[in-house]
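Inspection log for the structure reproduced underneath, given as structure tokens.
Numbering (our numbering), first residue to last: 8 to 473.
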């Protein structure tokens with residue numbers, strides 16, 4: 008690279024870091040180092056062209072696109088033109104074709120590496136008070152998203168089998184591991200919703216980088232199968248979950264710890280068809296699990312010391328599992344990832360990675376804001392933080408260097424004021440009050456319905472002219 012290109016590239020890196028309050032001086036503001044970001048972009052962008060949309064500019068526009076309210080490629084191109092004008096460069100055309108081609112060249116490995124790096128460093132830099140008794144608590148759950156009905160998407164992520172061809176949408180399933188303390192998504196996997204090994208437990212079976220010895224995992228009862236629990240325990244991870252509805256609990260057996268609280272040995276079930284003999288032989292013959300009835304639930308846990316962890320402690324722990332539902336709501340509803348936009352499976356994976364990278368970057372700013380106060384990131388509003396970042400975008404990206412620190416301080420102070428109200432025991436009906444339009448569902452492919460309407464129109468016109 009010549010001197011001009013190097014200087015421009017470093018300016019791009021600097022603007023990208025500044026956008027998310029990186030480089031302020033504390034541990035949480037140095038999750039993406041200047042030199043590291045430069046090295047990763049260069050390593051995963053070999054052969055790319057340094058024209059209107061070089062890799063880092065494309066990455067920044069892609070992240071801004073998934074964070075914006077519009078989320079269209081045309082809006083991203085307009086942002087790119089605005090950035091060029093503010094930096095004294097010649098404005099480019101508004102055709103979104105070059106930007107879409109640049110997104111295709113963007114490395115999925117780079118997106119995922121940046122997302123995982125932000126998450127892991129945020130995990131290490133978080134305050135000790137955000138953990139539970141000094142231990143890291145991690146949440147596990149799954150979610151689904153739809154995408155455009157294209158042949159390529161349908162081939163990899165087929166629609167629900169009960170729907171007719173042409174009237175449904177491809178569905179992708181995602182399983183994620185999220186930190187309770189800082190809210191970052193640590194690891195995820197995506198796959199279809201149909202076929203062998205496409206279930207949430209099958210996807211979680213091959214995920215392990217997001218879990219470490221000493222962690223506590225909170226999950227719903229879908230994950231309480233014997234072999235899944237055995238796999239988690241073999242990693243040195245403790246679990247707290249609900250009892251599966253098909254498993255019968257008899258408190259008269261086992262080692263009694265208190266009223267409706269005991270420790271029992273679960274025998275190993277017969278080998279399932281999907282498991283090979285070597286893996287089955289490596290599974291323990293019994294699992295020592297604690298079962299207790301508290302708060303109207305039967306909870307299952309590997310935390311068997313009743314003196315150290317009471318039933319109320321287990322109930323409090325399991326109650327925090329709901330945060331992953333709120334996190335997926337933030338990702339899918341607030342960041343609008345529930346309906347993906349890309350038309351090929353390769354771009355679908357990149358779009359998901361870009362959403363999750365943006366989510367972790369927003370969470371990193373929330374963690375910085377929480378560190379200024381006595382609050383935890385879970386007490387701050389994600390939607391409010393995203394709105395603040397959108398409002399400060401121009402001043403952070405294109406503001407003068409002398410005012411950047413002041414803008415960062417105002418941003419973090421503003422986010423720290425967005426404290427969520429404390430509403431213990433809140434319940435809401437799972438129903439809609441606002442009525443939608445009374446339109447029938449599309450039960451035939453759109454092209455077929457369009458042809459039928461055209462035939463009816465021709466008949467109507469012939470009847471009028473007769």
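By construction, the Cβ of each residue, glycine as well, lies at the ideal position given by its N, Cα and C atoms. Note that the structure is predicted; figures quoted are calculated from it, not measured.
Residue environment for residue 235: buried (at least 16 other C-beta atoms within 10 angstroms of its C-beta). If you draw a 10 Å sphere on the C-beta of residue 359, you find 16 or more other C-beta atoms in it, and that means buried. Look at residue 299 here: in three-state DSSP terms it is strand. Taking a C-beta distance under 8 Å as the contact criterion, residue 159 and residue 351 qualify as a contact pair. Excluding the 5 residues flanking it on each side, residue 249 has same chain C-beta neighbours closer than 8 Å at 227, 228, 231, 304, 305, 306, 307 and 325, in chain order.
Here residue 151 is near residue 200, since their CB atoms are less than 8 Å apart. For residue 314, the secondary structure class from DSSP, reduced to helix, strand or coil, is coil.
Scanning 144, 165, 142 and 147 for the CA closest to the CA of residue 153 turns up 165. Here residue 192 is bridged, per DSSP, to 185.
If you compare the alpha carbons of 202, 280, 184 and 268 with that of residue 195, the shortest gap goes to 184. Relative to the Cα of residue 215, the nearest Cα in the group 205, 225, 238 and 233 belongs to 238. Distance from the Cα of residue 119 is smallest, within the candidate group 362, 447 and 469, for 362. Cβ-Cβ distances below 6 Å link residue 52 to 62 in the same chain, with the five nearest sequence neighbours on each side left out; the list follows chain order.
Under the three-state reduction of DSSP, residue 329 is assigned to helix. Assigned with DSSP and collapsed to three states, residue 174 falls in coil, not helix or strand. Residues of the same chain with a CB within less than 6 Å of the CB of residue 389, apart from the 5 flanking positions on each side, are 337 in chain order.
DSSP links residue 304 through a beta bridge to 301.
Closest in alpha carbon position to residue 428, among 396, 449, 385 and 452, is 385.
In the structure shown, residue 274 adopts extended strand secondary structure according to DSSP, grouped into three states. Restricted to the stretch 212 to 272, the beta strand (DSSP E) segments that are unbroken, complete and at least 3 residues in length are 223 to 226, 245 to 249 and 262 to 265, listed in chain order.
Between residue 327 and residue 144, the gap from beta carbon to beta carbon is short of 8 Å.
Across the set 78, 98, 123 and 60, the C-alpha of 60 shows the shortest separation from the C-alpha of residue 110. Scanning 88, 104 and 368 for the CA closest to the CA of residue 123 turns up 368. Taken through DSSP and simplified to helix, strand or coil, residue 147 comes out as strand.
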